[in-house]
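Structure first, commentary second.
In mature numbering (1 follows the signal peptide of the UniProt record, and there is no 0), the protein residues as written are -20 to -1, 1 to 279.
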């Protein structure tokens, strides 16, 4: 009896493992990183894509379906970015609490004003987004609004830790606003800098920093350039010079490098999202590294 009581006491004196309160499925790395900032250790978070994948096009793998089936909350960009795979995942996961319209479904783009909404829809125009440009993470001010929305939804699906989410949000926003002020001071030399982009991924970055887009390598969104397209671009850039050719880490850089060789314009690979470079290992590093790379080619 004494031995039993001793073992009983030892068992209940051992520290219990810390269990994640909820599971969060993020469609893109930036939203997984933002969730970690707001939720801390209260969630188990995973991303469906990584920085070296095109978020427009991924496979609805069984592993993703399984993770979504177990998720308490899903956060995705929306605005058509995941239209090719997210609806299929949601349908096959058969998880009612994370369907659009439910508190467990967070559409980041709903928190901000989308740019470049097309006046008319025509598939001949290429891969366009009816709701507007979805690459909202390229302006850090957008993440302020998304962070508020995310914290609100986390509190709904996990009310037990609502106070912690609010505190984490306040702490994040304080650090984030200080970082934005620092970045904007650093970025002053970039205002008005002319750039060529491979894909129209940088509209929010251009708006934030005052960059001037003078050409796009893709003749239509999502359509690779032909040799004739590239030759025309060379002639265009003779008339409208640029300081940098921008492409995302996940994009095929052959056209950008070709254009750089034939024009002398610096080709700049930007991380685009968390994990897109060695330094972009969190949201703060994403913008630190993006600015450093752009400032390195200022005329």
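We put the CB at the ideal spot given by N, CA and C, even for glycine. Being a predicted model, the structure only gives us computed values, none of them experimental.
Inspect the beta-carbon positions of residue i and residue j and report whether they are closer than 9 Å.
| i | j | result |
| --- | --- | --- |
| residue 246 | residue 205 | no |
| residue 176 | residue 210 | no |
| residue 89 | residue 57 | yes |
| residue 228 | residue 252 | yes |
| residue 59 | residue 94 | yes |
| residue 185 | residue 10 | no |
| residue 164 | residue 178 | no |
| residue 64 | residue 37 | yes |
| residue 267 | residue 159 | yes |
Can you grab the Cα-Cα spacing for the pair residue i / residue j, in whole Å?
| i | j | result |
| --- | --- | --- |
| residue 270 | residue 2 | 32 Å |
| residue 183 | residue 196 | 11 Å |
| residue 55 | residue 130 | 8 Å |
| residue 284 | residue 170 | An answer regarding residue 284 cannot be provided, because it is not within the stretch -20 to 279 covered by the chain. |
| residue 191 | residue 180 | 13 Å |
| residue 120 | residue 277 | 22 Å |
| residue 200 | residue 141 | 46 Å |
| residue 273 | residue 39 | 31 Å |
| residue 250 | residue 233 | 11 Å |
| residue 156 | residue 69 | 32 Å |
| residue 106 | residue 203 | For residue 106, the predicted model reports a pLDDT of 49, less than 50, meaning its position is unreliable; a value from the coordinates is still stated below. If you take the alpha carbons of residue 106 and residue 203, they lie about 7 Å apart. |
| residue 67 | residue 118 | 25 Å |
| residue 230 | residue 33 | 5 Å |
| residue 265 | residue 166 | 14 Å |
| residue 42 | residue 125 | 32 Å |
| residue 275 | residue 24 | 36 Å |
| residue 238 | residue 29 | 28 Å |
| residue 110 | residue 87 | 16 Å |
| residue 207 | residue 8 | 33 Å |
So is the beta-carbon of residue i under 8 Å away from any non-hydrogen atom of the ligand PLP?
| i | result |
| --- | --- |
| residue 110 | Judged by which ligands are present, the structure shown has none, so any question about the ligand PLP falls away. |
Who are the Cβ neighbours of residue i in its own chain at under 7 Å, not counting the five residues just before and after it?
| i | result |
| --- | --- |
| residue 104 | Confidence at residue 104 is low in this model, with a pLDDT of 49, below 50, so its placement is unreliable and no value can be given for it. |
| residue 262 | 13 and 254 |
| residue 243 | 214 and 217 |
| residue 84 | 52, 53, 54, 77, 78 and 137 |
| residue 172 | 190 and 192 |
Apart from the five residues on each side of it in sequence, which residues of its chain come closer than 8 Å, Cβ to Cβ, to residue i?
| i | result |
| --- | --- |
| residue 240 | 225, 246 and 247 |
| residue 145 | 18, 19, 22, 131, 134, 135 and 138 |
| residue 127 | 14, 17, 18, 149, 152, 153 and 156 |
| residue 74 | 49 |
| residue 220 | 174, 194 and 195 |
| residue -20 | Residue confidence for residue -20 is low, a pLDDT of 48 falling below 50, so the modelled location carries little weight and cannot support an answer. |
Tell me, to the nearest whole angstrom, how far the beta carbon of residue i is from that of residue j; I am working on the premise that it is less than 8 Å.
| i | j | result |
| --- | --- | --- |
| residue 31 | residue 256 | 4 Å |
| residue 53 | residue 4 | 5 Å |
| residue 281 | residue 61 | The first residue shown for the chain is -20 and the last is 279, placing residue 281 beyond what the model contains. |
Within its chain, find whatever has a CB closer than 6 Å to the CB of residue i; leave out the 5 residues flanking it on each side and keep chain order.
| i | result |
| --- | --- |
| residue 96 | 112, 113 and 183 |
| residue 72 | 45 |
| residue 259 | 265 and 269 |
| residue 222 | 174, 175, 176, 194 and 245 |
| residue 279 | 223 |
| residue 188 | 119 |
message: So within the segment 127 to 209, which uninterrupted alpha helix (DSSP H) runs reach at least 4 residues, ignoring any that extend past its ends?
response: For the segment 127 to 209, whole alpha helix (DSSP H) runs of length 4 or above, ordered along the chain, are 142 to 166 and 183 to 189.
- request: Tell me the start and end of each unbroken beta strand (DSSP E) in the segment 63 to 103 that is at least 3 residues and wholly inside, in chain order.
  value: Secondary structure remark: continuous beta strand (DSSP E) runs of at least 3 residues inside the segment 63 to 103, in chain order: 85 to 87.
message: Runs of 4 residues minimum, wholly inside the segment 243 to 274: which ones carry the alpha helix (DSSP H) assignment?
response: The segment 243 to 274 contains no complete alpha helix (DSSP H) run of 4 or more residues.
task: Mind listing, in chain order, the continuous beta strand (DSSP E) runs of no fewer than 3 residues lying wholly within the segment 10 to 61?
output: Runs of the beta strand (DSSP E) inside the segment 10 to 61: 23 to 27 and 53 to 56.
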